[in-house]
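The structure appears right after this line, and notes come after that.
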Amino acid sequence: MVLGSNMSIQKTLYEILSVGEDATHEEIRVAYKAAILNTHPDKARATVEACVPSNEPQEFLSVQKAWEILSHPESRADYNKQLLSSRQNIEIIASEIEVGDMIIESTADTVELLYPCRCGDYFSITSCELGDMGILISKDGEVEPQAADSVSASVVLGCGSCSLKIRLVIDRT
Numbered sequence: 000m001v002l003g004s005n006m007s008i009q010k011t012l013y014e015i016l017s018v019g020e021d022a023t024h025e026e027i028r029v030a031y032k033a034a035i036l037n038t039h040p041d042k043a044r045a046t047v048e049a050c051v052p053s054n055e056p057q058e059f060l061s062v063q064k065a066w067e068i069l070s071h072p073e074s075r076a077d078y079n080k081q082l083l084s085s086r087q088n089i090e091i092i093a094s095e096i097e098v099g100d101m102i103i104e105s106t107a108d109t110v111e112l113l114y115p116c117r118c119g120d121y122f123s124i125t126s127c128e129l130g131d132m133g134i135l136i137s138k139d140g141e142v143e144p145q146a147a148d149s150v151s152a153s154v155v156l157g158c159g160s161c162s163l164k165i166r167l168v169i170d171r172t
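Quick note: the sequence shown uses numbering that gives the first Met the number 0, first residue 0, plus one each step.
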């Protein structure tokens, strides 16, 4: 299951077509043809409850959407990335920056690194926070070299006002 934009639990496109995520194009095509016949509004059987509204048209549209996305390799790859991301609860990162891209503000005992956000606020991190992660920053904002086994690191920073996030990539060589 994957969380949808309206935060309700929805079936994945693979579940809609009743195929595995490793299904071939041919398996997806066969499953689509079967699902479209089973959900097509014109093929629905008349029942005693004909006046009761059904969600068959919605199911039909879901099958159509699943086919549109999964039948094309590029859109299927994009969908698989989104699916994996939602399962791993990975945060969507707006961009990657380096320490050199940030504004340095030094006080007597700490250095604050700032990067402007589109909303007008800033992404920020202090030398104390970086120090807790084993990353040392000098007063002029330079990363101090560490042991040879620790080459680089990254930290996800959230904006102070909006929901955007960036990844600060730190080269410790």
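Just so you know, even glycine gets a beta-carbon here, dropped at the ideal spot from N, CA and C. Nothing here was measured: the structure is a model prediction, and the numbers come from that model.
Would you kindly work out how many angstroms separate the C-alpha atoms of Gly99 and Glu111, rounded to a whole number?
13 Å
Rounded straight-line distance, which links the Cα of Glu20 to that of Cys50
With a pLDDT of only 45 at Cys50, under the threshold of 50, the placement of this residue in the model should not be trusted; the figure read from the coordinates follows. Computed Cα separation, rounded: 37 Å.
With a CB to CB cut of under 8 Å and the five nearest residues on each side skipped, what residues in its chain are close to Leu12?
Lys64, Ala65, Ile68, Leu69, Tyr78
Name the two residues that bound the continuous alpha helix (DSSP H) containing Leu12.
Counting along the chain, the alpha helix (DSSP H) containing Leu12 begins and ends at 12-16.
Would you say Thr38 and Val62 are within 7 Å of each other, going by their C-beta atoms?
Yes.
Taking DSSP's pairing of strands, which residues face Pro115 in a bridge?
Tyr121
Across which residues does DSSP place Lys164 in a beta bridge pair?
Gly157
May I have the straight-line CA-CA distance separating Glu143 from Tyr31, to the nearest angstrom?
Rounded to whole angstroms, Glu143 and Tyr31 show a C-alpha spacing of 57 Å.
C-alpha distance - Asp120 paired with Cys161, whole-angstrom precision
8 Å
Whole-angstrom distance between Phe59 and Ala93, CA atom to CA atom:
35 Å
Member of Ile15, Pro56, His71 whose CA lies at the smallest distance from the CA of Pro40
Comparing Cα positions, the closest option is Pro56.
Over the uninterrupted beta strand (DSSP E) stretch that includes Ser70, give me the two end residues.
Run containing Ser70: none; DSSP gives neither H nor E here.
Could you name the residues that DSSP lists as bridge partners for Ala152?
Ile169
In whole angstroms, what separates the C-alpha of Ile27 from that of Leu36?
14 Å
Where does Ser61 fall in DSSP's three states?
helix
Let me confirm a value: Ser137 is counted as buried when at least 16 other C-beta atoms fall within 10 Å, else exposed. Which label applies?
exposed
Length of the line joining the Cα atoms of Pro115 and Leu163:
11 Å
Assign Ser126 to buried or exposed, taking buried as 16 or more other Cβ atoms, counted over all protein chains shown, within 10 Å of its Cβ.
Flag for Ser126 reads buried.
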